[in-house]
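Enquirer: Sharing a structure, written as C-alpha cells. Questions coming.
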Amino acid sequence: MRVVVIGAGILGLSIAYNLAKRGADVNVLERQYPGSGLSVRAIGAIHSQWKNEYDIKLAKKNRELMSRLSSDLNFNIPFRRDGHLMVATGKEQLAELEYNAKLQRSLGVDTNVLTSEEIESRYPFLNASSIVGGTFSKGDGSVHPFSVVYGFWSGLEEHRGQLVRSTTVTALRAKEHRICSAETSNGTFNADTYVVAAGTGSREILRSVGLDVPTELVKQEMLATEPLRFFLRPMIQVYPEGICFTQSLRGEIVCELPTTGKEIRMDNSSTLEFLENASTELIRFMPGLWNVKILRPWAGLVETTRDSEPVVGRCVYDNLWVAFADSGKGVMFAPVIGDLMAEQIMSGQTNPDLGTYSPARLLP
Amino acid sequence: MMAKKFVCYCEDLTEEDVLEAIHLGYDDIETLKRYAGFSTGPCQGKTCMLQVLRLLATEKKLKPPDQHLTTQRPLVDPVRLGVLAGIEKKCES
Chain A
1 MRVVVIGAGI LGLSIAYNLA KRGADVNVLE RQYPGSGLSV RAIGAIHSQW KNEYDIKLAK
61 KNRELMSRLS SDLNFNIPFR RDGHLMVATG KEQLAELEYN AKLQRSLGVD TNVLTSEEIE
121 SRYPFLNASS IVGGTFSKGD GSVHPFSVVY GFWSGLEEHR GQLVRSTTVT ALRAKEHRIC
181 SAETSNGTFN ADTYVVAAGT GSREILRSVG LDVPTELVKQ EMLATEPLRF FLRPMIQVYP
241 EGICFTQSLR GEIVCELPTT GKEIRMDNSS TLEFLENAST ELIRFMPGLW NVKILRPWAG
301 LVETTRDSEP VVGRCVYDNL WVAFADSGKG VMFAPVIGDL MAEQIMSGQT NPDLGTYSPA
361 RLLP
Chain B
1 MMAKKFVCYC EDLTEEDVLE AIHLGYDDIE TLKRYAGFST GPCQGKTCML QVLRLLATEK
61 KLKPPDQHLT TQRPLVDPVR LGVLAGIEKK CES
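Sequence order for the protein chains is A and B. Quick note: the first sequence uses my numbering, first residue 1, plus one each step. Quick note: the second sequence uses my numbering, first residue 1, plus one each step.
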C-alpha cells in the first residue's frame with residue numbers, strides 16, 4: 001500500500017512510522033521542518049488524568065507505548081515517569097478531580113487523591129495556601145518532545161519511509177469517493193491512501209475536496225528559566241486550565257499557560273502579558289523562584305474542537321484519513337494514535353477506541 | 001591530541017558535534033538547533049548562531065538567500081521572574 005502523509009508533526013510521523021513498520025510504502029510531505037507546527041513547542045506532559053472513559057483508556061495504553069518507545073525506535077527518548085500532580089484551587093474543581101480519580105482507578109490507572117497538607121509535605125517548595133487538594137498518578141510523567149519527533153522520523157527511515165521536506169500541499173484532488181492525488185509545490189504525489197496530519201494547515205487542505213471541519217485556535221505560550229539544581233520531579237498542573245510546570249532534565253523550570261488578553265495575535269509571537277502572567281503564577285505556587293531568571297519564552301497555536309477532542313479517523317472519502325486539531329493531546333497521545341491509526345488504515349476497519357475522535361461528529 | 005573547537009559554550013558543543021548532527025540529517029537550522037541544543041542556553045544564540053550558520057553553509061553549500069536565523073524572541077538578556085511579576089521590591093525588602 002502506498003501512503004502519502006501530509007505533515008511531519010508528531011502525529012503525522014507517528015502514523016507514518018507505524019504504517020511503514022507494517023509494510024506500507026510511505027511518503028511524508030512537510031512544508032517546513034519536522035515538528036515545525038506545535039510538536040516542538042509542547043512541554044511534554046504525558047498524563048492519564050482525564051474525565052472520560054475513552055481518554056483514560058487511550059492514555060493508559062499510550063503511556064505503556066511511550067515507555068517502550070526508546071527500544072522500539074532504537075532512539076534515546078527520555079520519558080520520565082515522575083508523576084503528574086493536578087492541583088485544585090477551589091472546592092468545585094477538587095470535587096471534579098476526585099470524581100475523575102475514581103473513574104481512573106476503576107480503569108486501572110494509579111491515581112490518588114491528596115489533601116492540601118499531603119501536597120505541602122511532599123513538595124515543600126510549593127506554596128499550598130491556595131491549593132485545596134489534588135490528584136497524583138505515579139505512572140504519568142513527561143517526555144522531551146523533540147526526541148519523540150526525531151525518534152519517529154528515524155524509525156520511519158529505518159523502515160524505508162521517506163520524509164520529503166520543503167514541500168507544501170496546495171490541494172487534494174478527488175474523483176467520486178476517492179482521493180486521487182495531492183498537488184504540491186514540488187509536483188503531484190499519487191498514493192492509494194492519504195493521511196492529512198498537517199496541524200493548523202489541515203482545514204485548508206481538506207477544503208480543497210469540499211470538507212470543512214469546524215475548529216478553533218487557542219494561543220499557548222511557554223517559557224524556560226535558567227537551569228537550577230534538580231528538585232522538581234512531577235509535572236504540576238493547576239486544574240483545569242491554569243499553569244502547568246515542571247523542571248526539564250537540563251534543570252530549567254519550564255511552564256505553559258494559555259495567553260489571555262484583549263488583542264491576542266493568533267500566531268507564534270511572544271507577548272509581555274504572558275511573561276507577566278506566567279511569572280506571577282510561578283511565584284504564587286513556588287515563591288522561592290522570584291530571583292530566578294527567564295531565558296526565553298516561545299509560543300504556539302493549539303487547534304481544538306467544540307468538544308475539546310482531536311479529529312482522528314477516516315474522513316468521508318474511502319481512502320482519506322485525518323489526524324489534527326489535537327486539542328493539546330498531540331505529543332501526549334502520539335504513540336497510541338499512530339499505532340491505532342496505522343492498524344485501521346492497513347485493515348480498513350475502524351477501531352472503536354478511536355471512534356470518539358471521528359471527524360464525522362463535526363461534519364454536517 | 002586534536003584541539004577542540006567550541007561553537008557553543010552554554011551547551012558544550014564543538015564543531016565536531018555540530019558536523020556530526022548535520023551528517024546525521026539534522027541539516028536545517030531549526031532542526032539542528034533542537035537536536036544539538038545550541039542557542040538554547042544563557043546566551044540564547046549570541047555566541048553560537050553565526051558559528052553554526054557558517055558550518056551549515058559550508059557543509060550544505062548554502063548561499064545567503066537559503067540561510068536564515070531561528071526565531072528571535074524577547075528578553076535580550078535573562079530577566080528575573082520577580083521583575084516580570086512586579087514584586088521585585090516587595091521580595092527584596
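Built from N, CA and C at the ideal position, the CB exists for glycine as well. Remember, predicted model here, so these are calculated numbers, not experimental data.
Quick one: grab the DSSP three-state call for Ser93(B).
Expert: Because the pLDDT at Ser93(B) is just 46, under 50, the model does not fix this residue reliably, and the point stays unresolved.
Enquirer: Taking a cut of 7 Å between CB atoms, which residues from the region 282 to 300 of chain A lie near chain B?
Expert: Cβ contacts with chain B: Leu282, Ile283, Leu289, Trp290, Asn291, Val292, Lys293, Ile294, Leu295, Arg296, Pro297 and Trp298.
Enquirer: Classify Thr40(B) as buried or exposed, calling it buried when 16 or more other Cβ atoms lie within 10 Å of its own Cβ.
Expert: Buried is the call here.
Enquirer: Go through its chain and collect everything with a Cβ distance to Ser269(A)'s Cβ below 7 Å, but skip five positions before and after it.
Expert: So the list reads Ala299, once near-sequence residues are dropped.
Enquirer: Should Gln67(B) be flagged as near chain A, meaning a C-beta pair shorter than 8 Å?
Expert: Taking Cβ atoms only, chain A never reaches closer than 8 Å to Gln67(B), which makes this a no.
Enquirer: Can you grab the Cα-Cα spacing for the pair Leu114(A) / Pro42(B), in whole Å?
Expert: Taking the straight line joining both Cα atoms gives about 37 Å.
Enquirer: Only counting the same chain, and skipping five residues up and downstream in sequence, which positions put a Cβ closer than 8 Å to that of Thr14(B)?
Expert: Cβ neighbours of Thr14(B) beyond the five flanking positions: Lys4, Lys5, Phe6 and Val7.
Enquirer: Are Ile10(A) and Gly330(A) closer than 8 Å when you measure CB to CB?
Expert: Cβ atoms of Ile10(A) and Gly330(A): closer than 8 Å.
Enquirer: Taking Met346(A) and Ala24(A) to be in contact with their CB atoms under 8 Å, please state how far apart those CB atoms are, rounded to whole angstroms.
Expert: Contact flag correct, Cβ pair sits at about 7 Å.
Enquirer: Quick check on DSSP: helix, strand or coil for Phe152(A)?
Expert: Reduced to three states, the DSSP call for Phe152(A) is helix.
Enquirer: Please confirm whether Glu117(A) has its beta-carbon closer than 8 Å to some beta-carbon of chain B.
Expert: It does not; no Cβ of chain B falls within 8 Å.
Enquirer: For Asn127(A) versus Arg284(A), is the C-beta spacing smaller than 8 Å?
Expert: Yes, they are a contact pair.
Enquirer: Taking only runs of the alpha helix (DSSP H) that begin and end inside the region 76 to 137 of chain A, which ones reach a length of at least 4 residues, in chain order?
Expert: DSSP runs (the alpha helix (DSSP H)) wholly in the region 76 to 137 of chain A: 91 to 106 and 116 to 122.
Enquirer: What is the DSSP secondary structure of Ser166(A), counted as helix, strand or coil?
Expert: Note: Ser166(A) maps to coil in three-state DSSP.
Enquirer: Can you name the residues of chain C whose CB is closer than 8 Å to the CB of Gln44(B)?
Expert: The structure shown has no chain C; the protein chains it does contain are A and B.
Enquirer: So with CB distances below 8 Å, who are the chain A contacts of Tyr35(B)?
Expert: The answer, in chain order, is Phe146 and Tyr150.
Enquirer: Could you check which residue in Ala36(B), Ala21(B) and Gly82(B) has the C-alpha nearest to that of Asp12(B)?
Expert: Ranking the options by Cα distance to Asp12(B), first place goes to Ala36(B).
Enquirer: Over the uninterrupted alpha helix (DSSP H) stretch that includes Met222(A), give me the two end residues.
Expert: It is not in any alpha helix (DSSP H) - Met222(A) instead sits in the beta strand (DSSP E) that spans Glu216 to Pro227.
Enquirer: When the cut-off is 8 Å and only beta carbons count, does Glu276(A) lie next to chain B?
Expert: For Glu276(A), the answer is yes, since a Cβ of chain B falls inside 8 Å of its Cβ.
Enquirer: Check whether the region 201 to 211 of chain A touches the region 92 to 110 of chain A, counting contact only when three or more Cβ pairs, one atom from each stretch, lie closer than 8 Å.
Expert: Flag = no, the region 201 to 211 of chain A and the region 92 to 110 of chain A do not touch.
Enquirer: Closest to Glu226(A) by C-alpha separation, out of Glu252(A), Asp307(A) and Asp212(A), would be which residue?
Expert: It is Glu252(A).
Enquirer: Is the number of C-beta pairs between the region 49 to 62 of chain A and the region 318 to 333 of chain A that are closer than 8 Å three or more?
Expert: Yes: at least three Cβ pairs fall under 8 Å.
Enquirer: Terminal residues of the continuous alpha helix (DSSP H) containing Gly139(A)?
Expert: Here Gly139(A) belongs to no alpha helix (DSSP H), and DSSP marks it neither H nor E.
Enquirer: To the nearest angstrom, how far is the alpha carbon of Arg54(B) from that of Gln44(B)?
Expert: In a straight line, the C-alpha of Arg54(B) is about 17 Å away from that of Gln44(B).
Enquirer: Quick one: which chain B residues come within Cβ less than 7 Å of Val40(A)?
Expert: The contacting residues are Arg34.
Enquirer: Note down the Cα distance separating Tyr150(A) from Lys21(A), rounded to an integer number of angstroms.
Expert: Distance between the alpha carbons of Tyr150(A) and Lys21(A): 16 Å.
Enquirer: Return the chain-ordered list of same chain residues with a C-beta closer than 6 Å to the C-beta of Arg306(A), the five sequence neighbours on each side being excluded.
Expert: Contacts found: none.
Enquirer: For the alpha helix (DSSP H) holding Tyr54(A), just list the boundary residues, first then last.
Expert: Here the alpha helix (DSSP H) through Tyr54(A) covers Glu53 to Leu73.
Enquirer: Would you check if the distance between the CB atom of Arg314(A) and the CB atom of Ala191(A) is smaller than 8 Å?
Expert: Cβ atoms of Arg314(A) and Ala191(A): not closer than 8 Å.
Enquirer: Going along chain A in order, which residues have a C-beta closer than 7 Å to the C-beta of Glu59(B)?
Expert: The contacting residues do not exist; Glu59(B) stays about 16 Å from chain A at best.
Enquirer: Out of Leu85(A), Ile77(A) and Glu53(A), which has the shortest C-alpha to C-alpha gap to Leu107(A)?
Expert: With distances taken between Cα atoms, Leu107(A) lies closest to Glu53(A).
Enquirer: Comparing alpha-carbon positions, which option in Gly86(B), Ile87(B), Leu19(B) and Leu84(B) lies nearest Gln51(B)?
Expert: Selected option, being the one with the closest Cα: Leu19(B).
Enquirer: At 8 Å on the CB atoms, spell out the chain B contacts of Pro34(A), in chain order.
Expert: What Pro34(A) touches in chain B: Thr31.
Enquirer: Can you give the Cα-Cα distance for Asn27(A) and Gln93(A), rounded to whole angstroms?
Expert: Cα to Cα, the separation comes out at about 45 Å.
Enquirer: In whole angstroms, what separates the C-alpha of Gly82(B) from that of Thr280(A)?
Expert: If I take the Cα positions, the gap works out to 8 Å.
Enquirer: Helix, strand or coil, according to DSSP, for Asp12(B) in the structure here?
Expert: Of the three classes helix, strand and coil, the one that applies to Asp12(B) here is coil, per DSSP.
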